[in-house]
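Novice:
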Amino acid sequence: MKFPIGIQSFEKMITEGYCYVDKTDLLYQLVKEGVIYFLSRPRRF
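So the sequence shown is residues 640 to 684, counted in this note's numbering.
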């Protein structure tokens, strides 16, 4: 399994077989529920 570390292009990531996880459905469920969530991210992200 190849991880896209340093890859800036979505097209390159897909065509060269890098690992990609689509979390669009999860985001939709969070918004649909109407509950407030605190989503943190690492520094310099």
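Glycine included, every Cβ here is placed at the ideal spot set by N, Cα and C.
Being a predicted model, the structure only gives us computed values, none of them experimental.
Is the Cβ-Cβ distance between K641 and Y659 less than 8 Å?
Specialist: Numbered from 1 along the sequence shown, position 2 holds the residue referred to as residue 641. Numbered from 1 along the sequence shown, position 20 holds the residue referred to as residue 659. No, the pair does not count as a contact, with Cβ atoms beyond the cut-off.
Novice: With a CB to CB cut of under 7 Å and the five nearest residues on each side skipped, what residues in its chain are close to M652?
Specialist: On the sequence shown, residue 652 is found 13 positions in, with the first residue counted as 1. P643, I646, Y659, listed in sequence order.
Novice: Could you check the C-alpha separation between G675 and R683 for me, to the nearest Å?
Specialist: For the purposes of this step, residue 675 is identified with residue 36 of the sequence shown, where counting begins at 1. For the purposes of this step, residue 683 is identified with residue 44 of the sequence shown, where counting begins at 1. Sequence inspection shows Ile at residue 675; the Gly mentioned does not correspond to that position. Going by the C-alpha atoms only, they are around 24 Å apart.
Novice: In this structure, what does DSSP give as the bridge partners for K641?
Specialist: Reading the sequence shown from its first residue, position 2 is the one you call residue 641. Paired residues: Y657.
Novice: When the Cα atoms are used, what is the spatial distance from L665 to L678?
Specialist: The residue labelled residue 665 in the question sits at position 26 within the sequence shown. The residue labelled residue 678 in the question sits at position 39 within the sequence shown. One C-alpha to the other measures close to 13 Å.
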